[in-house]
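Enquirer:
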Amino acid sequence: MGSAGSDELEVIHGWTGGDGEAAINALIEAFEENHGDIETNFEASGGEGNAQVNSVVQRRLTNSNPMSSFANWPGANLENYENGLMDIEADVWDAEGFKDTMQERAIDLCTYNDQMVAVPIGSHRMNNLFYNTAAFDEAGVDAEELGSVPDLIDALETIDEETEYTPFAHGMDAGFLGLQTFAQILTSQSGVDAYMDFIDGNGDRDAMLEALESLQEIRENYITDDASSIGYTEAAQYLISGDAACMHGGNWMYGMFREDDEFNYGEEWDWVPFPGTDGVYFYHVDAFIAVGDNPTPDDTIAWQQFVGSKEAQIAFNEPKGSVPLRTDIDSEELSEFLALNYEDLLESTDFPPTIAHGLAVSPRAKNDCEGVIANEFSGPYNAEAAVDGLLDAVSE
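Right, here's the structure in full:
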């Protein structure tokens, strides 16, 4: 591992396989082509939900052994690294004009304690329902007509009765998987304001209970038998292999799906906004965060400047399945699926921040919410206790 005073740019990230590995490798290659004079050390520290990256970074900072930069979520997640970050407003944001080219919400999320400490690299839209076209065709279900959670549950029942497909691929081995789907259901059934009230600590108990009951109905009746032991990567394989009909997830799924040459967008699979959330862009952001007491300040500035460039944003997001945060990208430089999502990023009116990926609530509240889902809502199900736990988690 690197150490303070090192001559090499050391960047830690959590993308160790699949779409993430392809994306970070493309970004590294592009950077090294532009900055061949900078010695680099890009270190992968895998684990779902950035858990391993958080652990490594916090340990390094505690031990006064900072890296140059690391990939993580901005927003409320930055509380994890309070007093350990580098203000790059003048040298990066102002010098490169990023305040004029980045989406305003991303600018706000990269600002912490009145300092700009990060540069966004891409955004995932969270409220997607991906589906196997053959399964929906066989069941006679038109995905475009699914306008609500009851519509979705009716469709899952039809698929269950009329086909051999598992209706809904869903991982449950980590609490954030159920938490993110709960957020979509709550927003669908009760509106964006109901979700925003919840993350602000003023949730409507009845609305939350209704959302959990819908999630329980899906989990009890329409998912695979091994759901409790798998994550979203394994769940996605059920869709790719033709064993499952649909799943909810962020648009990183596109990065996974495109790896299979026989599972093509618009042919074997397609997508719609999660039923009841049309016009909503459920907001997720990945960023690179600059570390204080930086061992390579000049090279770190060059890296952070590059991260925000058009070249970097296209190089990373195309294989990742995410979309650039710059507002001046030519959508023709993106694949069809990403171009559609990029247009939604620019044109949607509602951008609720994801609770499961560090943007919406403090790290402590996020972890507590995940614990509630894992402990009270992974079977057996206790919706009443789960509501109380979630409200307590965001209210402290």
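For the sequence shown, the residue numbers in this note's numbering are 146 to 541. Yeah, the Cβ is synthetic: ideal placement off N, Cα and C, and Gly gets one too. Model, not experiment: these values are computed from the prediction.
1) Hey, would you say the C-beta of Val286 is under 7 Å away from at least one heavy atom of the ligand NAP?
2) In three-state terms, what does DSSP make of Leu301?
3) What residue does the alpha helix (DSSP H) around Glu463 start on, and which one ends it?
4) How would you label Leu324, buried or exposed, when you count the other beta carbons within 10 angstroms and need 16 or more for buried?
5) Measuring CA to CA, which of Met271, Asn217, Pro440 is closest to Thr185?
6) Consult DSSP for Gln248 and reduce its assignment to one of helix, strand or coil.
7) What three-state label does DSSP hand Tyr367 in the structure shown?
8) Between which residues of its own chain and Ala531 is the CB-CB distance below 8 Å, once the five residues before and five after are set aside?
9) Along the chain, which unbroken stretches of the beta strand (DSSP E) at least 3 residues long are found entirely within the segment 161–228?
10) Quick one: grab the DSSP three-state call for Val468.
11) Would the beta-carbon of His158 fall within 8 Å of that of Val201?
12) Going by alpha carbons, who is nearest to Ala284 out of Leu297, Phe482, His315, Asn272?
13) What's the call for Asp236, buried or exposed, on a 16-neighbour Cβ count within 10 Å?
14) Is it true that the CB of Tyr367 sits closer than 8 Å to the CB of Phe408?
15) What residue range is occupied by the uninterrupted beta strand (DSSP E) comprising Asn277?
16) Throw me the rounded Cβ distance for the Ser507 and Gly346 pair, which I believe falls under 8 Å.
17) Apart from the five residues on each side of it in sequence, which residues of its chain come closer than 7 Å, Cβ to Cβ, to Asn527?
18) Examine the Cβ distances between the segment 366–385 and the segment 243–258 and report whether three or more of them are shorter than 8 Å.
19) Please determine if the segment 480–490 and the segment 279–295 are in contact, where contact requires at least 3 C-beta pairs separated by less than 8 Å.
20) Tell me, to the nearest whole angstrom, how far the beta carbon of Phe215 is from that of Glu515; I am working on the premise that it is less than 8 Å.
21) What are the partner residues of Gln260, as DSSP defines its beta bridges?
22) Whose C-beta lies closer than 7 Å to the C-beta of Glu556 among residues of the same chain, with five residues either side of it excluded?
23) Pick from Gly267, Val156, Asn222: whose alpha carbon is nearest that of Gly400?
24) What would DSSP say about Phe433, mapped onto helix, strand or coil?
25) Can the beta-carbon of Leu230 be found less than 8 Å from the beta-carbon of Val262?
26) Using C-beta distances below 6 Å, list every residue in its chain close to Asn195, excluding the 5 sequence neighbours before and after it, in chain order.
27) Under 7 Å Cβ to Cβ from Glu463, same chain only, skipping five residues before and after it: list those, please.
28) Could you tell me whether the segment 464–474 touches the segment 406–426, using the rule of 3 or more Cβ pairs below 8 Å?
29) Can you check the segment 308–377 for any beta strand (DSSP E) of at least 3 residues that lies completely inside it and give the ranges in chain order?
30) Report the three-state DSSP secondary structure of Phe482 (helix, strand or coil).
31) Go ahead and label Ser374 buried or exposed: buried means 16 or more other beta carbons lie within 10 angstroms of its beta carbon, across all protein chains shown.
32) Of the residues Leu491, Gln203, Ala501, Pro265, which one's Cα is nearest the Cα of Tyr426?
33) Please state whether DSSP places Tyr543 in a helix, a strand or coil.
34) DSSP on Ile266, reduced to helix/strand/coil?
35) Assuming the contact rule is C-beta atoms closer than 8 Å, Gly220 and Lys465 should be a hit. Round their C-beta distance to whole Å, please.
Expert: On the basis of the supplied data:
1) Questions concerning the ligand NAP fall outside what the structure shown contains, since it holds no ligand whatsoever.
2) helix
3) 455–465
4) buried
5) Pro440
6) coil
7) coil
8) Leu357, Val517, Ile518, Glu521, Phe522
9) 185–189, 214–217
10) strand
11) no
12) Leu297
13) buried
14) no
15) 273–277
16) The Cβ separation is near 11 Å, so there is no contact.
17) Glu521
18) no
19) no
20) Phe215 to Glu515, Cβ: 21 Å. No contact.
21) Tyr257
22) Summary: the structure shown does not reach residue 556, with the chain confined to residues 146 through 541, and so no result is reported for it.
23) Gly267
24) strand
25) yes
26) Gly159, Asn217
27) Leu479, Ser480, Leu483
28) no
29) 311–313
30) helix
31) exposed
32) Leu491
33) Beyond the ends of the chain as shown, which are 146 and 541, falls residue 543; an answer cannot be given.
34) strand
35) Their Cβ separation, rounded to whole angstroms, is 19 Å, which puts Gly220 and Lys465 out of contact at 8 Å.
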